[in-house]
């Protein structure tokens, strides 16, 4: 198990980022989705928790086979997706990712993300409960302007060093911008990756954290670079945009073959699970209807009801009288 705490500062307020986050996730998912690859929204609806209050529950399927490294694709079936369940009680969110097994040999893994947002530059060392955060947990600051981003994701128009918002006049972030920027907020993310397969555990957990880091960097850069598109939206307007975009994204993805079963990996003991009142997805190990044989299906009549075998007593005489050309 590998645990890291990521801190990503933004030239925004926590209240502003509430809109920007929803807008960015919807737009990014739509841009990155093609037929057979991308993010399918299974469920997205309001939810109320007795402890956290009003929130939003979302369940997604992330199809990503083509995005895996070659060594991973060698053991993962072509039709592979990860189910993501998220409980958003902004400014606090819980996200759990579980491997969905389409083949019995696919290794299990889990990703658990706990997020809190505060209006500061990432200086709160006790934002998460102490019993959940070991003193030796690695803290990783992500700089949206100066950290290296994979070349395939880079766009100059989304580079905070060169982008300046027309509506907020924020941008053109210079070296050391976190010490001078006002307003400023920080996304604190406690990420636990667990993959208990001997010989692959360290490699896979490190790889997943690298992917998480790249996704966080790209997402926060885009949320700021698109600020002029969402800064004037209300929560109702961004929810409507989210609904329409998710519908278009699901259509863009197309139809996927159903999975035989879904298996969830228990969360690590040191990681907080979702609220006990949170919705859950029923699990079944039985074959789906399309694989079941109807009980009332008539028997085929193409073969005889009974099969008559030759009398063993006549075997010798049959062989003796068989033409020699048959041997």
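Numbering (UniProt numbering), first residue to last: 1 to 327.
For glycine and all other residues, C-beta sits at the position ideal for the given N, C-alpha and C.
Can you list, in chain order, the residues of its chain whose CB lies under 6 Å from that of residue i, leaving out five sequence neighbours each side?
| i | result |
| --- | --- |
| residue 231 | 167 |
| residue 164 | 171, 172 |
| residue 106 | At residue 106, the pLDDT of 48 sits below 50, so the modelled position is not reliable and the matter cannot be decided from this model. |
| residue 16 | none |
| residue 204 | 195 |
| residue 242 | 22, 26 |
| residue 59 | 42, 43, 85 |
Closest to residue i by C-alpha separation, out of the options, would be which residue?
| i | options | result |
| --- | --- | --- |
| residue 109 | 17, 8, 198 | 198 |
| residue 224 | 8, 210, 12 | 12 |
| residue 222 | 10, 19, 24, 146 | 24 |
| residue 51 | 181, 93, 171 | 93 |
| residue 96 | 6, 122, 213, 61 | 61 |
| residue 91 | 85, 82, 118 | 118 |
| residue 123 | 216, 29, 140 | 140 |
| residue 144 | 114, 115, 251, 185 | 185 |
| residue 183 | 14, 7, 6 | 14 |
| residue 251 | 58, 33, 148 | 33 |
| residue 121 | 18, 53, 177 | 177 |
| residue 9 | 244, 160, 253 | 160 |
So what does residue i bridge to, in DSSP terms?
| i | result |
| --- | --- |
| residue 187 | 8, 117 |
| residue 87 | 57, 94 |
| residue 28 | Partner(s): none; residue 28 has no beta bridge. |
| residue 3 | 192 |
| residue 40 | 61 |
| residue 224 | Per DSSP, none; premise fails for residue 224. |
| residue 49 | 53 |
| residue 142 | 8 |
| residue 210 | Its beta-bridge partners do not exist; DSSP assigns none. |
| residue 164 | 171 |
From residue i to residue j, what does the alpha carbon distance come to, in whole angstroms?
| i | j | result |
| --- | --- | --- |
| residue 4 | residue 138 | 5 Å |
| residue 125 | residue 248 | 41 Å |
| residue 1 | residue 180 | 37 Å |
| residue 102 | residue 174 | Residue confidence is low: residue 102 scores 37 on pLDDT, short of 50, so the model does not pin down where it sits. Its coordinate-derived value is still stated next. Going by the C-alpha atoms only, they are around 47 Å apart. |
| residue 196 | residue 190 | 20 Å |
| residue 129 | residue 206 | 24 Å |
| residue 226 | residue 20 | 8 Å |
| residue 169 | residue 162 | 12 Å |
| residue 57 | residue 240 | 16 Å |
| residue 30 | residue 115 | 23 Å |
| residue 47 | residue 85 | 13 Å |
| residue 156 | residue 148 | 13 Å |
| residue 113 | residue 53 | 19 Å |
| residue 235 | residue 146 | 31 Å |
| residue 83 | residue 39 | 10 Å |
| residue 253 | residue 244 | 15 Å |
Under 8 Å by Cβ, that's how I've got residue i and residue j pegged, so tell me the actual separation to the nearest angstrom.
| i | j | result |
| --- | --- | --- |
| residue 193 | residue 142 | No, residue 193 and residue 142 are not in contact; Cβ-Cβ is about 16 Å, not under 8 Å. |
| residue 187 | residue 209 | Going by Cβ atoms, the distance from residue 187 to residue 209 rounds to 16 Å, so no, they are not a contact pair. |
| residue 6 | residue 216 | 6 Å |
| residue 150 | residue 228 | Rounded, the Cβ-Cβ distance is 25 Å, inconsistent with contact. |
| residue 22 | residue 211 | Their Cβ separation, rounded to whole angstroms, is 22 Å, which puts residue 22 and residue 211 out of contact at 8 Å. |
Could you pull out every residue in the same chain whose Cβ sits closer than 7 Å to the Cβ of residue i, ignoring the five residues on either side in sequence?
| i | result |
| --- | --- |
| residue 246 | 26, 41, 44 |
| residue 158 | 221, 222, 225 |
| residue 364 | Residue 364 cannot be examined here, being either before or after the span of the chain that is shown, 1 to 327. |
| residue 28 | 219, 222 |
Under 8 Å Cβ to Cβ from residue i, same chain only, skipping five residues before and after it: list those, please.
| i | result |
| --- | --- |
| residue 153 | 214, 218 |
| residue 233 | 19, 23, 241 |
| residue 127 | 116, 118, 188 |
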